[in-house]
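UniProt numbering puts the sequence shown at residues 183 to 403.
Positions of the beta carbon are idealized from the N, C-alpha and C atoms, including for glycine.
Let me begin by presenting the structure, written as structure tokens, before commenting on it.
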Amino acid sequence: RGPRPLAGKRVLVSAGPTYEDIDPVRFVGNRSSGRMGFAVARAAAEQGAEVTLIAGPVALDTPSGVMRVDVRSAEQMRSAVLQHATVNEIFISAAAVGDYRPQSVAPHKLKKTGQGLALALTENPDILAEVAALPEHPFLVGFAAETESVEEYARAKLLRKNLDMIAANCVGNGCGFEAEDNQLNVIWREGSECLPRASKLVLAHQLLARVLERYQASGRP
Ligand code: C5P
């Protein structure tokens, strides 16, 4: 067993996609595998944290020692995150929350009409921004999957959502969604650091070291 720098810290992690139902057999989803978030949860537990993992629909085993809560939709993820947010010192939001959901869920399987189908969508709440707006909120780490101008967009997101840190990954080039490896650009108000391509577990450990460093620099207990 290695060093346990996160001993005594409670860490909340969200991971995976959300599925937004259209009818009893169809949904709107995305390609997040949940692997980065699960790696963060595993690494945090290995570093001694008490970890709660809010997981969207993924086919992954629960990391050892982690308390897991399964959800499906963005609204379910929102209530699970809000329920746990204030008792944790750190919230790492790695979930790929669907931006939109169908305006209504059809009670029966939709039938083909030969006419095409327009699906009306409603915007989902921004869970991370809601947590950031709580009067007493944990240290907040967001993820940003970008395909271009990665650092610029991620920094704008850090400021707009009022986060402490953001981990940006460039999707594509064998990295990111559905991939084994990743590379992260970790950004905070005063600086940034590139974590070169590595396995998601290795990156998760490196990310957590930066998170703890910034957490302590922020003067939190
Ligand atoms: O704005 P964007 O979706 O790129 O921001 C990504 C970050 O915000 C991630 O940390 C993600 O978990 C979080 N997020 C959220 N609720 C949403 C959309 C994104 O918590 N509805």
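Apart from sequence neighbours up to five positions away, the residues of its chain that approach residue 256 with a beta-carbon distance below 6 Å are 200, 279, 280, 306, ordered along the chain. The distance from the Cβ of residue 328 to that of residue 350 is about 6 Å, consistent with a contact at the 8 Å cut-off. In this structure, residue 277 keeps its C-beta atom at 8 Å or more from the C-beta atom of residue 390. Here the alpha carbon of residue 379 sits roughly 7 Å from the alpha carbon of residue 363.
Counting the other Cβ atoms within 10 Å of the Cβ of residue 260 gives 16 or more, which makes it buried.
Assigned with DSSP and collapsed to three states, residue 381 falls in strand.
Residue state for residue 390 is assigned as helix, using DSSP reduced to three classes. By the neighbour-count definition (other C-beta atoms within 10 Å, threshold 16), residue 290 is an exposed residue.
In the three-state reduction of the DSSP assignment, residue 341 falls in the helix class, which pools H, G and I. Residue 241 and residue 196 have their C-alpha atoms roughly 15 Å apart. The straight-line gap separating the alpha-carbon atoms of residue 228 and residue 319 is approximately 24 Å.
At a threshold of 7 Å, residue 292 does not count as near ligand 1, since its beta carbon sits no closer than that to any of the ligand's heavy atoms.
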